[in-house]
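Enquirer:
Number of protein chains: 2
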Amino acid sequence: MSNSSAGQSAPTSKDVARLAGVSQSTVSYALSGKRSVSPDVKDRINRAIAELSYQPNSGARALRGRKSHVIGLIMPARGRFDRSSMMMFVLHIAATARSYGYDILIVTEDEGPDGIRRVAKTSLCDALIIMEIATADPRLEAIAAVDIPGVLIGVPPGREGFNCVDLDFAAAGELAVGRLTRAGHTRIGLLIPRMSSTQDKNFPDRLIAGARNAAAVQGTGGGANSNNDDVVTVIRPEGTYEGVRKGLAELRSHQPSLTGFICMMNPFSPYHALTAGGLDVGATTGLIAVCDHDEAENLPVRITNIDPRREEVSRLAVARAVELVETGHSGATPVQLIEPLLIERDSVPDRPGAATE
Amino acid sequence: MSNSSAGQSAPTSKDVARLAGVSQSTVSYALSGKRSVSPDVKDRINRAIAELSYQPNSGARALRGRKSHVIGLIMPARGRFDRSSMMMFVLHIAATARSYGYDILIVTEDEGPDGIRRVAKTSLCDALIIMEIATADPRLEAIAAVDIPGVLIGVPPGREGFNCVDLDFAAAGELAVGRLTRAGHTRIGLLIPRMSSTQDKNFPDRLIAGARNAAAVQGTGGGANSNNDDVVTVIRPEGTYEGVRKGLAELRSHQPSLTGFICMMNPFSPYHALTAGGLDVGATTGLIAVCDHDEAENLPVRITNIDPRREEVSRLAVARAVELVETGHSGATPVQLIEPLLIERDSVPDRPGAATE
DNA sequence: CTGAAAGCGCTTACAG
DNA sequence: CTGAAAGCGCTTACAG
């Protein structure tokens, strides 16, 4: 019943022109604004457009204008990824793209590097945004070889010649360690879920470096020359509950004095594993998660979190891609990092002797 | 450096024709197979295509062929949705679409019904797939008004004239209650997270009806005329940990004899809330979750789950959309439901007196 | 089995 | 300030 009209073919700019009593080119110029059009004529055209509910054919526009106004979003290669945060990126990227007049096309891992070549060579996409790229990712090469611009979300090694945008993970590490040490937690465990080996070279190193750096700067209360490696201990457990539980148990058996924890994941498993292990998060034990707000709020204790600012990262990636398309891209640009934000909630208790600033 | 080539414009079918020493139309026919081409000529064409790494321009193809080979994926309206499962749909839908030669374009909630009109009227998309549609969703009307086919994932009321595809939630309810009653659990709590009011009319009713039906059929051990409302008690808590905890606490205070639970969500919160409430899931208490495998495996006790079969639902939705496009759609078709699958894990213990089949 | 030509619906010089 | 015309790269009757 619905959906069944034989489709009396959509109106064209020619139809609009006829109805408005002007030429087709005037319609085009009225829409693009690339030539001034008298108010009277513009008005008639707008009326005609409204009456026919005209929208320009995107195929014709792409063909003639050599621009599809579509950005390809290359999804992560196979591996363990947080689907929830991926979806967050997709939604923000798509919304931002629309604000620039672009649409987002999904290119999945299944196609591999061929997918990149395909959407570029067929002129389906004007630019590419690549999520969670891995180190030895065959897609990096494909992106470099193709002649539409690409923006990486992430800063993988070997990124020379690419446009990278990401959260400042070093700052995130500093922020988390700084917050915990200020609250008096001088022994800190840092949990980063293990990924496939090729993905491991992207953000973890930066996060760890930032954490170590903050430990060195803020000191441990033991003077400038204390061994900073003892302040922050990194573990890379499996991302499952069982993996996290085991990792934490082992860690604590080696370092019973740990009172502060940072996790680069949904805090659900870490929180419950710590609780099951007899620790009282928010009372004696500190926990900071790098995660989205809803995940931080979704526990008995509201978890102080570092907002990974996926919306801002998404915006930056799209803005970058659009700019490269519209200025006629030319090579790589400096890495652009977004500052992380620490949101104070209830999971970081002060400990005796804490330097409350 | 990379990405910087001035782009000596992609090769066209004319270039291929010249290199192969044939006409442009022959190249086209060789590619489409709509006319027979001699092996010799076909060979030369293929060689030329490979040499130039030619791929047909999608704008031209769309313009001339009146088909973009793009399907628009309309994301859920604002509300509380499980981003993880949404992402699962997106990935499966995109992969399936590719297998039919189609691509997926993301249309977000932000555009509302206008987004649907836009991608349809501009001929950007050949068909639409709509996820998680709500009852009084203004997008339903837009879909009906537009002249490309639409497929709904979900079976909302007022779906006359639409093509619907979904999991058989009634069967899921039956399956879960059946499994628990067979294990001797005669008092069952069913947790369905509360959504925005307009979304509440889609699957929950079907799930509940199926659960009640199974309770009636299987009996409670108390004869055919027992009050079936007592077998299954439904609660609709907030989807957060705190909401689930409170909901379960209240439920149990009214019905202390509950030993079986079904949750229509990631079992993390229900599991931990039950455990925190003193129940031993897998030993004395049964829990079945409608969720993805990884979520079922991500807990101290492996949770027996009902696979929502998002991959199969996605496949069906895409197949339906492609069929409607390629046959020249004509109105609505019967609702197509996918059978749910119960995966036996460790969270449903037998209770004394259980009828072990 | 193959080729020359028209045309899909736009945009953009060119001309006034 | 406006119009007539060419052409983007395909596909598909039409003609042989």
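Protein chains in written order, with our numbering: chain A, 1 to 357; chain B, 1001 to 1357. We put the CB at the ideal spot given by N, CA and C, even for glycine. Here the structure is a predicted model, which is why all the values come from computation and not from measurement.
1) Where does Gln-1024 of chain B fall in DSSP's three states?
2) Could you tell me which residues DSSP pairs with Asn-1305 of chain B in its beta bridges?
3) In chain A, which residues lie with their C-beta within 8 Å of the C-beta of Arg-1118 of chain B?
4) At 8 Å on the CB atoms, spell out the chain A contacts of Ile-1343 of chain B, in chain order.
5) Please confirm whether Arg-1083 of chain B has its beta-carbon closer than 8 Å to some beta-carbon of chain A.
6) Would you mind sorting Arg-47 of chain A into buried or exposed? The rule is 16 or more other CB atoms within 10 Å of its CB.
7) If you measure from the beta carbon of Met-264 of chain A to each beta carbon in chain B, is any gap under 8 Å?
8) Can you confirm whether Ala-134 of chain A, when its beta carbon is compared against all beta carbons of chain B, has any partner nearer than 8 Å?
9) Determine the contact status of Arg-1245 of chain B and Ala-1276 of chain B, defining contact as a CB-CB distance below 8 Å.
10) Please tell me whether Asn-1046 of chain B has its Cβ less than 8 Å away from any Cβ of chain A.
11) Establish whether the CB of His-293 of chain A and some CB of chain B are separated by less than 8 Å.
12) Under 8 Å between the Cβ atoms of Ala-211 of chain A and Leu-190 of chain A?
13) When every heavy atom of the ligand HEM is checked, does at least one fall within less than 7 Å of the C-beta of Thr-285 of chain A?
14) Excluding sequence positions up to five away, which residues of its chain have a Cβ less than 7 Å from the Cβ of Ser-28 of chain A?
15) What residue from A:Gly-21, A:Glu-132 and A:Ala-145 has the CA that sits closest to Asn-114 of chain A's CA?
16) With a threshold of 16 other CB atoms inside 10 Å of the CB of Gly-223 of chain A, please say whether the residue is buried or exposed.
17) For the region 87-108 of chain A, list every residue whose C-beta sits within 7 Å of some C-beta in chain B, in sequence order.
18) Taking only beta-carbon positions, decide if Thr-220 of chain A is within less than 8 Å of chain B.
19) Provide the residue(s) that pair with Phe-1261 of chain B in DSSP beta bridges, ordered along the chain.
20) What are the residues of the region 240-252 of chain A that lie near chain B, defined by any Cβ-Cβ distance shorter than 8 Å?
21) Tell me whether Asn-225 of chain A is buried or exposed, calling it buried when 16 or more other Cβ atoms sit within 10 Å of its Cβ.
22) In terms of DSSP beta bridges, what is Leu-1152 of chain B paired with?
23) Would you give the residue range spanned by the beta strand (DSSP E) that Thr-233 of chain A belongs to?
24) Please report whether the beta-carbon of Asn-1298 of chain B lies at a distance below 8 Å from any beta-carbon of chain A.
25) Please list, in chain order, the chain A residues whose beta carbon lies closer than 8 Å to that of Asp-1043 of chain B.
26) Does the beta-carbon of Asp-103 of chain A have 16 or more other beta-carbons within 10 angstroms, so that it is buried, or is it exposed?
27) If Arg-83 of chain A sits next to Met-1088 of chain B, beta carbons under 8 Å apart, how far is it from one beta carbon to the other, in whole angstroms?
28) Could you check what DSSP says for Met-1001 of chain B in three-state terms: helix, strand or coil?
29) Under DSSP, the beta strand (DSSP E) around Gly-72 of chain A begins and ends at which residues?
30) What's the gap between the Cα of Glu-297 of chain A and the Cα of Glu-1051 of chain B?
31) In the DSSP assignment, find the unbroken beta strand (DSSP E) run with Asp-1082 of chain B in it and report its ends.
32) Report the three-state DSSP secondary structure of Val-41 of chain A (helix, strand or coil).
33) Comparing the C-beta of Glu-1311 of chain B with each C-beta of chain A, is any distance below 8 Å?
34) For Glu-326 of chain A, count neighbouring C-beta atoms within 10 Å of its own C-beta (all shown protein chains included) and say buried if the count is 16 or more, exposed if not.
35) If you draw a straight line from the alpha carbon of Ala-1183 of chain B to that of Asp-1137 of chain B, how long is it in whole angstroms?
36) Beta carbon of Asp-166 of chain A, beta carbon of Val-151 of chain A: below 8 Å?
Expert: According to the structure data:
1) helix
2) B:Ala-1289 and B:Ile-1343
3) Gln-55
4) Per Cβ cutoff of 8 Å: no residues; Ile-1343 of chain B is ~17 Å from chain A at best.
5) yes
6) exposed
7) no
8) no
9) yes
10) no
11) no
12) yes
13) This structure does not include the ligand HEM; it has no bound ligands of any sort.
14) Ser-13
15) A small correction: the amino acid at residue 114 of chain A is Asp; Asn does not occupy that position in the sequence shown. That would be A:Ala-145, whose Cα lies nearest to the Cα of Asp-114 of chain A.
16) With a pLDDT of 44 at Gly-223 of chain A, under the threshold of 50, the predicted position of this residue should be treated as unreliable, though the coordinate-derived value follows. Under this definition Gly-223 of chain A is an exposed residue.
17) Met-87, Met-88, Val-90, Leu-91, Ala-94, Ala-95, Arg-98, Asp-103, Ile-104, Leu-105, Ile-106 and Thr-108
18) Note that Thr-220 of chain A scores 48 on pLDDT, short of 50, meaning its location in the model is unreliable and no value can be drawn from it.
19) B:Gly-1189 and B:Leu-1287
20) Thr-240, Tyr-241, Glu-242 and Arg-245
21) Annotation note: pLDDT 45 at Asn-225 of chain A (below 50); position unreliable, coordinate value reported separately. Result: exposed.
22) B:Ile-1130 and B:Cys-1164
23) 232-235
24) yes
25) Per Cβ cutoff of 8 Å: no residues; Asp-1043 of chain B is ~22 Å from chain A at best.
26) buried
27) 6 Å
28) Reliability fails at Met-1001 of chain B, whose pLDDT of 36 lies under 50, so the model's placement of it is uncertain and no value is given.
29) 70-74
30) 57 Å
31) Segment: none, Asp-1082 of chain B is in no beta strand (DSSP E) and carries neither H nor E.
32) helix
33) no
34) exposed
35) 41 Å
36) no
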